[in-house]
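Presented below is the structure to which this report refers.
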Amino acid sequence: MGLLRSLVKGVVGRVSGGAPSGRPAAPPAASPPPPAAPARDRADRSAVAVVAGEEGPVADADALANIEAGVQEIKERVEAGEPVVLLDVREPEETVHGVIPGARQIPLGQLEARWAELKNCDEIVCYCAHGMRSIAAAEILRQHGLFNATSLEGGVAAWQALGGKLVPR
Numbered sequence: 010m011g012l013l014r015s016l017v018k019g020v021v022g023r024v025s026g027g028a029p030s031g032r033p034a035a036p037p038a039a040s041p042p043p044p045a046a047p048a049r050d051r052a053d054r055s056a057v058a059v060v061a062g063e064e065g066p067v068a069d070a071d072a073l074a075n076i077e078a079g080v081q082e083i084k085e086r087v088e089a090g091e092p093v094v095l096l097d098v099r100e101p102e103e104t105v106h107g108v109i110p111g112a113r114q115i116p117l118g119q120l121e122a123r124w125a126e127l128k129n130c131d132e133i134v135c136y137c138a139h140g141m142r143s144i145a146a147a148e149i150l151r152q153h154g155l156f157n158a159t160s161l162e163g164g165v166a167a168w169q170a171l172g173g174k175l176v177p178r
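Each number in this note's numbering corresponds to the 1-based position in the sequence shown with 9 added.
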């Protein structure tokens, strides 16, 4: 949550004209527009806006946080004991070979009905076999106001490729 919180704090500081991290604010300057998100990301995401003041500009979800979390970073954070909730959204028959240690399990098909089970989590990283369904899961959670939800890039396959272990469910 620390990384996400820092990112949001910096963006909100820039949007509202404040200075993030105690640095002096740079004078407004013309800057090139941010690069467009890949077509897949733009098409798959719901519009989410954060308003910085009544007259301030609006930043969309792309500016606040990417919906995908890198497997290396998440693996290191989990191994360091950070309070990251891993959410396995695969179907029960897919978890026969194991799950990431400590993961909660809510199949994607049940997430719409069970999302409230996660409302008190500080940070949620959804994962599936290869990362496609977990993007949908993170979007569902964000639509319900859980903006701290991301998708594990590459899913459990990428986790194992980096030496991450699985445990029996």
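Ideal Cβ positions, reconstructed from N, Cα and C, are used throughout, including at glycine. Note that the structure is a prediction, hence the values are computed from the model and not measured.
Coil, strand or helix - residue i by DSSP
| i | result |
| --- | --- |
| residue 182 | One cannot answer for residue 182 here, as it falls past the ends of the chain, which runs 10 to 178. |
| residue 113 | strand |
| residue 33 | Per-residue confidence for residue 33 stands at a pLDDT of 47, beneath the threshold of 50, marking its modelled position as unreliable; no derived number is given. |
Neighbour-count burial assignment, residue i, 16 or more Cβ in a 10 Å radius
| i | result |
| --- | --- |
| residue 112 | buried |
| residue 167 | buried |
| residue 93 | buried |
| residue 140 | buried |
| residue 120 | buried |
| residue 122 | exposed |
| residue 170 | exposed |
| residue 176 | exposed |
| residue 108 | buried |
| residue 105 | exposed |
Segment limits, alpha helix (DSSP H) that includes residue i
| i | result |
| --- | --- |
| residue 87 | 80-88 |
| residue 150 | 141-152 |
| residue 165 | 164-170 |
According to DSSP, residues forming a beta bridge with residue i
| i | result |
| --- | --- |
| residue 77 | 160 |
| residue 135 | 96, 160 |
| residue 105 | None; residue 105 has no bridge partner. |
Nearest-angstrom Cβ-Cβ length linking residue i and residue j, presumed shorter than 8 Å
| i | j | result |
| --- | --- | --- |
| residue 115 | residue 96 | 6 Å |
| residue 150 | residue 78 | About 13 Å separates the two Cβ atoms, so there is no contact after all. |
| residue 143 | residue 118 | Incorrect: roughly 13 Å between the Cβ atoms, too far for contact. |
| residue 80 | residue 135 | About 13 Å; that fails the 8 Å criterion. |
| residue 157 | residue 126 | That pair is no contact at about 14 Å. |
| residue 251 | residue 138 | This structure does not reach residue 251, given that the chain is present from 10 up to 178, and the question cannot be answered. |
| residue 159 | residue 147 | 5 Å |
| residue 101 | residue 174 | Incorrect: roughly 20 Å between the Cβ atoms, too far for contact. |
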